[in-house]
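Report on the following structure.
This is the structure:
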């Protein structure tokens, strides 16, 4: 695994630049642990100072140092994306593998549930969810909700692969040798679908960050936890663009674009990893 | 005569489907009886769709709907214990499989999971059956691989790094590593070229002699049977039509179908063109009454159209299901 990553870094430009972008973003997110201010403190700095050497990214109209505030925001946004991706991947893997393997009635029941989630319009549901929850709305709750809405496409994809694996000789031999369904799914089928899941995980992180930003900008989330979207929401509230505080908008957008491009490049270059042939071709001296 | 390791009697297995209100019944295995002795290689021959694979799936109890066993029994005798394979509970079945009874599946080159190393496949399939700690198990596997002329390094390889012949041998090693008394092999060498095939067959023979197991060997390739099998059963349209020692079947086939099958094999010095048998194998969803071979049989009589011939055993143990079997002299004059 470590060797593969090194080879990917050396030979695959897309992977290398994607990894570099994400590394910068992640390192910046880690800076939040050294922030001199708490994330919700206001008027700790003079308001509306353009970027200079004291305030690298300027300050907001609420007297926050954007450099430190943004490090909190990107940390929360990344964690949010990861949480949604991990939770929804677990759901998608469990449902996709079981449905594809067992077939029949169970498959039909799971897939009708799956199709329901595919056709549900996400955005109105999430907005509705916000109006129901109001003050109890939190970062974790939203992540859970999005994970519950974001697994369906992947479960279909995994199921289609699992269906073909079900009838391969190694599955039949496994059944014949007395492996249980759980063992076959975890030991024989999971390694087969995992590379595909790696790749879709990146896309899922992108999707969830994008949706979170959309909801936050409109104010449909917990606006007291700084995320990229919440930052933009406050910038809009203070009419930052009209009053010329461009840095309040520019730096969050720059950072989220870097994250998107980095994740996208990683997802694309994961194709190199999906096929064990190319994986091994790299290893040959 | 010792007690047979496998005794199949009057086995009947049909595919039964019901789609959109239409019932269909495909009689893939009909009233098959056979017995295999310890240490014997029993060859099962027959053309495609004659029910070979269905028969051995039923024998291994690897059946899935719509295949159903309607009648008959499959009895195994492992170390003095008798097992009726269709009466076993799943756990008991799992306990005898691989340890006593292993199965080399059709398309056996794909038995290895392409994304798992060979070592992991061995652990997945065979480890639980051998009852030893992992390092010891891997030692056993390495020794066993050497018996099949494979380097222990293949354990660290992915399947696509091995050649077809090596993969085939790994599959055979996988099926024989637990020293089973009975091995079912479904076309294990069909995808190989003749040179590799010869080597693999030789190794199967070696392993079989070393372990003292019995093999039920299925292929449509008569040349393979001539090389490997001790006894040969010929299947036609879901029934065994003739069975005997391989040499006898080749030298003096008695059922008209076998006669034509053997007669179709090329010989050195043959000048006459080969005559094909007119017609095609019957549709097993609607087999002809009486002997299933009668529409194509040159010797068919009214009796054949009406009654099903039983599989009669003669003095030498040769069995044939025909009302008008060839005597040895007739058989020789045709072939």
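Chains as they are written, first to last, in the working numbering: chain A, 728 to 1012; chain B, 939 to 1273. C-beta atoms are modelled at their ideal positions from N, C-alpha and C, and glycine is treated no differently. What you are looking at is a predicted structure, and each value in this text was computed from that prediction instead of being measured.
Taking 7 Å as the threshold (beta carbon to beta carbon), is residue i in contact with chain B?
i              : result
residue 904/A  : yes
residue 828/A  : no
residue 997/A  : no
residue 939/A  : no
residue 918/A  : yes
residue 1012/A : At residue 1012/A, the pLDDT of 42 sits below 50, so the modelled position is not reliable; the number obtained from the coordinates is stated separately. No, residue 1012/A lies away from the interface with chain B (no Cβ there is under 7 Å from its Cβ).
residue 747/A  : no
Name the chain B residues that come within less than 7 Å of residue i, Cβ to Cβ?
i             : result
residue 900/A : 1043, 1049, 1063
residue 895/A : 1048
Does the distance from the CB of residue i to the CB of residue j come in under 7 Å?
i              : j              : result
residue 1279/B : residue 1155/B : Look at the range of chain B in this structure, 939 to 1273, and you will see that residue 1279/B is not part of it.
residue 1124/B : residue 991/B  : yes
residue 949/B  : residue 1010/B : yes
residue 881/A  : residue 843/A  : no
residue 784/A  : residue 987/A  : no
residue 1183/B : residue 1263/B : no
residue 943/A  : residue 874/A  : no
residue 756/A  : residue 801/A  : yes
residue 786/A  : residue 774/A  : yes
residue 1177/B : residue 1015/B : no
residue 828/A  : residue 893/A  : yes
residue 937/A  : residue 749/A  : no
residue 885/A  : residue 823/A  : yes
residue 943/B  : residue 1152/B : yes
Compare the C-beta of residue i with all C-beta atoms of chain A and state if any pair is closer than 7 Å.
i              : result
residue 1035/B : yes
residue 1092/B : no
residue 1206/B : no
residue 1148/B : no
residue 1079/B : no
residue 1053/B : yes
residue 1218/B : no
residue 1259/B : no
residue 954/B  : no
residue 1254/B : no
residue 1097/B : no
With distances taken Cα to Cα, identify the nearest neighbour of residue i among the options.
i              : options                        : result
residue 1301/B : 962/B, 1036/B, 972/B, 1215/B   : Because chain B spans 939 through 1273 in this model, residue 1301/B falls outside it and cannot be assessed.
residue 1099/B : 1051/B, 1212/B, 1068/B         : 1051/B
residue 981/A  : 852/A, 893/A, 851/A, 955/A     : 955/A
residue 793/A  : 984/A, 997/A, 973/A            : 973/A
residue 1146/B : 1213/B, 1132/B, 1110/B         : 1110/B
residue 879/A  : 920/A, 733/A, 837/A            : 837/A
residue 1032/B : 857/A, 991/A, 901/A, 777/A     : 901/A
residue 1196/B : 1089/B, 1243/B, 1235/B, 1140/B : 1235/B
residue 1181/B : 1190/B, 1256/B, 1207/B         : 1256/B
residue 1054/B : 996/A, 953/A, 914/A, 742/A     : 914/A
residue 896/A  : 1086/B, 1030/B, 1042/B         : 1042/B
residue 1167/B : 1130/B, 1142/B, 1028/B, 1214/B : 1142/B
residue 1238/B : 1004/B, 1223/B, 1259/B, 1047/B : 1259/B
residue 888/B  : 1225/B, 1075/B, 1241/B, 1058/B : Lying outside 939 to 1273, the shown extent of chain B, residue 888/B is not represented and no answer is given.
How would you list, in chain order, the residues of chain A whose beta-carbon sits under 7 Å from the beta-carbon of residue i?
i              : result
residue 1129/B : What residue 1129/B touches in chain A: nothing, since even the nearest Cβ is about 12 Å away.
residue 1032/B : 905
residue 1070/B : Simply none; closest approach about 16 Å.
Heavy atom of the ligand FAD less than 6 Å from the Cβ of residue i, yes or no?
i             : result
residue 826/A : Here there are no bound small molecules, and the ligand FAD is not part of this structure.
List the residues of chain A that residue i touches, going by C-beta distances under 8 Å, in chain order.
i              : result
residue 1105/B : None at all; the shortest Cβ gap to chain A is about 11 Å.
residue 1085/B : Going along chain A, no residue has its Cβ under 8 Å from residue 1085/B, so there is no contact; the nearest lies around 20 Å.
The segment 984-1009 of chain B: positions lying closer than 8 Å to chain A by Cβ: 998, 1000
Residues within the segment 1110-1124 of chain B neighbouring chain A, beta-carbon criterion of under 7 Å: none
Contacting positions in the segment 1152-1163 of chain B - beta carbon closer than 9 Å to chain A: none
Proximal residues, the segment 969-1000 of chain A versus chain B, C-beta separation under 8 Å: none
Residues from the segment 1229-1251 of chain B in contact with chain A, defined by Cβ distance under 9 Å: none
The segment 1169-1198 of chain B: positions lying closer than 7 Å to chain A by Cβ: none
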